[in-house]
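For what it's worth, this note's numbering labels the leading residue of the sequence shown as 2, then goes sequentially. For every residue, glycine included, the Cβ atom is placed at its ideal position computed from N, Cα and C.
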Amino acid sequence: MQANQTENLLTAFAHYFPNSKEMGSFVDGELVAGKGEQIQLFDPATGEKSMSYADGGAAIVALASEVAQRAQKEWWALTHAARGRVMFAIAREIRAEIEPLARLESIAAGKPIRDCRGEVAKVAEMFEYYGGWADKFYGEVIPVPTSHLNYTRREPMGTVLQITPWNAPMNTCGWQIAPAIAMGNAVLLKPSELTPFTSLVVGLLIERAGAPKGLVSVLSGYGHTVAQAAIADKAVKKVVFVGSPATGVRIAEAAAKRTLPCVLELGGKSANIVFEDADLRLAALGAQAAIFAAAGQSCVAGSRLLVHRPIHDKFVKMVSDGARKIKVGAPLDDATEVGPINNKTQYEHVVKMIQNGVDAGATLSAGTLERSKAGYFVSPTVLSNVTNDMDVARTEIFGPVVAAIPFDTEEEAIAIANDSEFGLAGAVWTQNVARAHRVAAQVNAGTFWINGYKSINVASPFGGYGRSGYGRSSGVEALYEYTQTKSVWVETAMNPVTPFGYVDN
Ligand code: NAD
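Here you go:
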């Protein structure tokens, strides 16, 4: 199994870089091997060693930063429409690769192949969406009360650094690269050291589609080496981070030393609230999708299930029965709905948190305390009789584990939902329209669903409240993050007076 899986990963990757002997970073049109510490990767489906590669270190950052500055000038010198056309070409390149890219992602990240196909298509959509914006986002003329023509220009930041996690490597990379380059920036992307492969291929396809060499570099290696060297690099003008809150704080601290603006897309502990008047069949399916899809390794996962007491036992049983029917299996199997946890550290955390919940008095309504015999598999788990002060209700587990908490009134449901340091997402299930909107307005979350869960689109803004981060990705709002505003004043008076000091001219 190990030999096959290793071979698959290498073969799937070598398909894109047939002439490269060593895995590395994608810089200036080439795969450049690092010289740092060896990073050992493991197959999530077996737990066995798969491959290793050398950390890119500060040297790769210096190289990428230099070529990015050159490429960004070239890119910004194009017309806005021309940049848009290249972005449509990138989308075509990605669409043509759905199957091999999905396979590569599935093997490397342990994600079910059917999820990966959908994610690759979504990435193509992101380049189309922002390709359309390339010549439609511009400044304004401001009606100032003087003889001036005052207008604004939306200018690129220059080179931006993007740091992404392992749970949706391809998705997060397309999500951030597309708006950044649409607005004329160059990108240094630092994917998770555990899952750099599909991001490297996206870098290659961007160049193949006609973007200048070096416009997007993908830097392979650790956060404390590569990402920190990039934050310190003078060419970097903004940092966009997707990952855990603890790392987000470290990144924001390092960025603050250089007065670099940041966007932080962090974790969550989202409340999925079910009232007694909901369509319980749909709500139960929604509750399963909310937490078990992607093996719960999703920032918006509905990991706290708040259930109205009159239906609590019945509803927990419905979700638990559903959880037991979910097909857990090998990532490349078309029938698999839930694959393994991505890595051992995360697997150990998830297993520990399930035990922690049981030790604190929660009931294991679905799932097991037994460990996976091979690989990092965790069965869909329902912990019931949870109270909101337990660790399992407060800590981001980032696995297929839901904590069911009963509530008596609407006010109590909202209070429990908001009793969390996070504020990424949430949902309510009810057939009472007024109640649905009341709850949506009062829960502290950047994204909220009514009678649904997990609908996300590149056109709609996304981001967190509280410890889930700040700044917004997706939609028009991402374009503000990737541009800076210049206000230009043009004197138009016949006999202008140059003001001295603060005068009302
Ligand atoms: P992580 O914070 O461990 O790593 C994320 C990235 O940061 C990786 O590229 C890593 O190499 C880098 N990094 C690690 N230490 C660093 C340091 N000291 N300096 C600079 N960079 C460093 O996160 P993870 O475990 O890869 O991902 C899971 C987390 O991501 C979860 O908390 C999840 O909720 C969050 N997430 C959030 C969103 C969102 O949009 N809000 C989306 C996906 C994942």
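With respect to the 9 Å criterion, valine 264 and glycine 58 are not classified as neighbours on the basis of their beta carbons. Take alanine 90, set aside five residues on each side of it, and the residues of its chain with a beta-carbon closer than 6 Å to its own are Ala210, Gly211, in chain order. Taking C-alpha positions only, serine 51 is separated from glycine 297 by approximately 24 Å. Alanine 122 and valine 219 have their C-alpha atoms roughly 20 Å apart. For tyrosine 17, there is no enclosing alpha helix (DSSP H), as DSSP marks it with neither H nor E.
If you compare the alpha carbons of Asn9, Leu162, Val434 with that of glutamate 106, the shortest gap goes to Asn9. In this structure, the CA atom of proline 500 is about 15 Å from the CA atom of threonine 493. Beta-bridge partners of glycine 470 (DSSP): Glu266. The Cβ-Cβ distance between valine 240 and alanine 256 falls below 9 Å. Here DSSP, grouped into helix, strand and coil, assigns isoleucine 457 to coil.
Taking C-beta atoms as the reference points, glycine 204 and glycine 376 fail to come closer than 9 Å. The Cβ atoms of phenylalanine 423 and serine 271 lie closer than 9 Å to each other.
For the 9 Å CB-CB criterion, glycine 303 and alanine 295 do not form a contact. In the three-state reduction of the DSSP assignment, glutamate 338 falls in the coil class.
Judged by the Cβ position, cysteine 300 qualifies as a neighbour of the ligand NAD at the 8 Å threshold, a heavy atom of the ligand being closer than this.
Taken from the Cβ of proline 166, at least one heavy atom of the ligand NAD lies inside 8 Å. Counting the other CB atoms within 10 Å of its CB gives histidine 309 a total of 16 or more, which places it among the buried residues. The alpha helix (DSSP H) runs lying completely inside the stretch 165 to 213 and spanning 4 residues or more are 170 to 183, 198 to 209, given in chain order. Just so you know, the alpha carbons of alanine 479 and alanine 441 end up roughly 23 Å apart. Collapsing the DSSP output to three states places glutamine 41 in a strand.
With a 10 Å radius around the Cβ and a threshold of 16 neighbouring Cβ atoms, isoleucine 61 comes out buried.
Assignment of glycine 35 by DSSP, reduced to helix, strand and coil, places it in the coil class. Just so you know, the alpha carbons of glycine 467 and serine 148 end up roughly 44 Å apart. The Cβ atoms of valine 387 and alanine 405 lie closer than 9 Å to each other. The stretch 345 to 358 makes no contact with the stretch 449 to 459; the number of CB pairs closer than 8 Å stays below 3.
In the three-state scheme derived from DSSP, where H, G and I count as helix and E and B as strand, leucine 64 is classed as helix. Proximity of the beta carbon of glutamate 338 to the ligand NAD is not indicated: no heavy atom of the ligand is located closer than 8 Å. Nearest to isoleucine 108 by C-alpha distance, out of Leu11, Glu120, Val403, is Leu11.
If you check the CB distance, proline 381 and arginine 325 come in under 9 Å.
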